[in-house]
Amino acid sequence: DQQVKQNSPSLSVQEGRISILNCDYTNSMFDYFLWYKKYPAEGPTFLISISSIKDKNEDGRFTVFLNKSAKHLSLHIVPSQPGDSAVYFCAASGGSQGNLIFGKGTKLSVKP
Amino acid sequence: DSGVTQTPKHLITATGQRVTLRCSPRSGDLSVYWYQQSLDQGLQFLIQYYNGEERAKGNILERFSAQQFPDLHSELNLSSLELGDSALYFCASRLAGGTGEQFFGPGTRLTVL
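What follows is the structure, encoded as structure tokens:
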């Protein structure tokens, strides 16, 4: 049973517009949520995280929103740039040892 | 560059064989995590080591084992390989405390023929 789900396998957005990537989770005991970006033939790169006690965290063009009642988080990228084209993974951390549970990813394409 | 190194980058081998994947964590990080990414799958946690000791196990097969050495580098050993073991294997290390972020190496692509 998937504890972290990304229901959209792909998303296409025009350059300069907002990209919204969504993620749902089932386990209310997760204490951190993270977003990673992955280019082909590279390892995942950490983007931004949010604690379960917060509802928003912002870092430059990237903002993550957490809705605990809905068990839902989203990553907003504004403005989107062609270099943002990559696979984005949502992950949750909740075990005492900090292992991450990943969604299957959403492939974002930003068109010039 | 995350500071995490993995070797080799690519590995091609035959069914039934045994391979060893190597990982060096970022300087100062004591925890090493191993993940597997199969086709169309997200990253699946395999196993974690902290300062030489196994701390957590995920979906790791009995044919797979790992260890972390005194210099903190880690090795993932995969034996009796099957076609389905073909995947990307990532190693990550983690800052003590922090907000959960792990820093990933470039991965090893294993192909079992």
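Residue numbers (the numbering used here), protein chains in the order written: chain X, 1 to 112; chain R, 1001 to 1113.
Note that beta-carbon positions come from the ideal geometry of N, C-alpha and C, so glycine has one too.
Keep in mind that this is a model prediction, so the values were computed, not measured.
Test item: CB-CB of R/T1111 and R/S1080 under 8 Å: no
Through-space distance from R/F1069 to X/P79, alpha-carbon basis: 45 Å
Anticipated Cβ contact below 8 Å, X/L21 with X/I50, distance rounded: Actually they are not in contact, since the Cβ atoms of X/L21 and X/I50 sit about 14 Å apart, beyond 8 Å.
Interfacial residues, the region 1075-1108 of chain R to chain A, with Cβ spacing under 7 Å: Protein chains X and R are contained in the structure displayed, whereas chain A is not.
Assigned secondary structure, R/L1083 (DSSP; H/G/I helix, E/B strand, else coil): helix
Length of the line joining the Cα atoms of X/S52 and X/K68: Looking at the two C-alpha atoms, the distance is approximately 8 Å.
8 Å Cβ cutoff, R/S1024 in contact with chain X: no
DSSP beta-bridge partners of R/E1054: As a beta-bridge residue in DSSP terms, R/E1054 pairs with R/Y1049.
8 Å Cβ cutoff met for R/G1105 and R/A1096: The Cβ atoms of R/G1105 and R/A1096 do not sit closer than 8 Å to each other.
Proximity to X/G98 [Cα-Cα], best of R/G1107, R/W1034 and R/Y1089: Nearest in C-alpha terms to X/G98, of all of R/G1107, R/W1034 and R/Y1089, is R/W1034.
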